[in-house]
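Take the sequence shown: its letter number 77 is residue 63 in this note's numbering, and every next letter is one higher. Cβ atoms here follow ideal geometry from the backbone N, Cα and C, with glycine treated the same way. Here is the structure we will look at.
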Amino acid sequence: MTTPTRCTWPGNDPLYIAYHDQEWGKPLHDDQQLFELLVLEGFQSGLSWITILRKRENFREAFAQFNLTILSNWSDAELSNCLQNPGIIRNRLKIEAVRTNARAFIQIQEKFGSFDRFIWDYVEQHPITNQFTEHKDLPAQTDLSVRISKDLKKLGFKFVGPTICYSFMQAAGLVNDHITSCYCYKK
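Structure below.
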């Protein structure tokens, strides 16, 4: 059996390969999954994504399976407890942003009907398909990710800079940044 041609960034790590093949770049429309991804992208800032993937189940357990209602009502003590959890990234500002972002996320749901509708409106409900031939050509941010970042910050979100927003767009399938030779590119 031949190995399919894929983007180079997963390397040989089975977890990274599974993430690339089954999740990254596939259009995501479930609000809870979008929230989880946005939070995890914020935690990834300054780290590698594989670090976050390896701790993803720990994050889910620590943050009530990313239940928006629960997280939006968390006390300062509950947030502080996360600082003692060695299974996640223990950054106080990022942990505090989880509650802040849950509240902002709920406000978007109330105003727009869903976060899915809100975020996908930026790409007119269809993924942007780029045509990069090498991973090194992918941008760290775009004018659109800058705009989304500014809008999210105005709505009260934290840890949603332009680079984080672009990574979120790639992961959630708002943009197809699989290289053109990758078997996932045409899917």
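If you follow the alpha helix (DSSP H) that residue i is part of, which residue opens it and which one closes it?
i	result
K97	R78 to F98
D62	D62 to C68
P148	P148 to A157
I3	P0 to Q8
Less than 9 Å between the C-beta atoms of residue i and residue j, yes or no?
i	j	result
I36	L26	no
L141	I94	yes
I105	L130	no
F145	A83	yes
Quick check on the burial criterion: 16 or more other C-beta atoms within 10 angstroms. Buried or exposed for residue i?
i	result
D17	buried
Q30	buried
F98	exposed
G73	exposed
D102	buried
G32	exposed
H112	exposed
L69	exposed
Identify whether residue i lies in helix, strand or coil by the three-state DSSP scheme.
i	result
T(-12)	coil
I114	strand
N44	helix
Using 8 Å as the cut-off, can you tell me whether the region 74 to 91 makes contact with the region 46 to 57, which would need three or more C-beta pairs spanning the two stretches below that distance? The region 74 to 91 vs the region 46 to 57: in contact.
Check whether the region 104 to 124 touches the region 151 to 171, taking contact to mean three or more Cβ pairs, one atom from each stretch, closer than 8 Å. Contact holds: three or more Cβ-Cβ distances are below 8 Å.
Is the region 0 to 20 touching the region 142 to 159 in the sense that three or more CB pairs, one from each, lie closer than 8 Å? Here the region 142 to 159 makes contact with the region 0 to 20; the two share three or more CB pairs at distances below 8 Å.
Three or more C-beta pairs below 8 Å linking the region 131 to 138 and the region 148 to 155: The region 131 to 138 makes contact with the region 148 to 155; the number of CB pairs closer than 8 Å reaches 3 or more.
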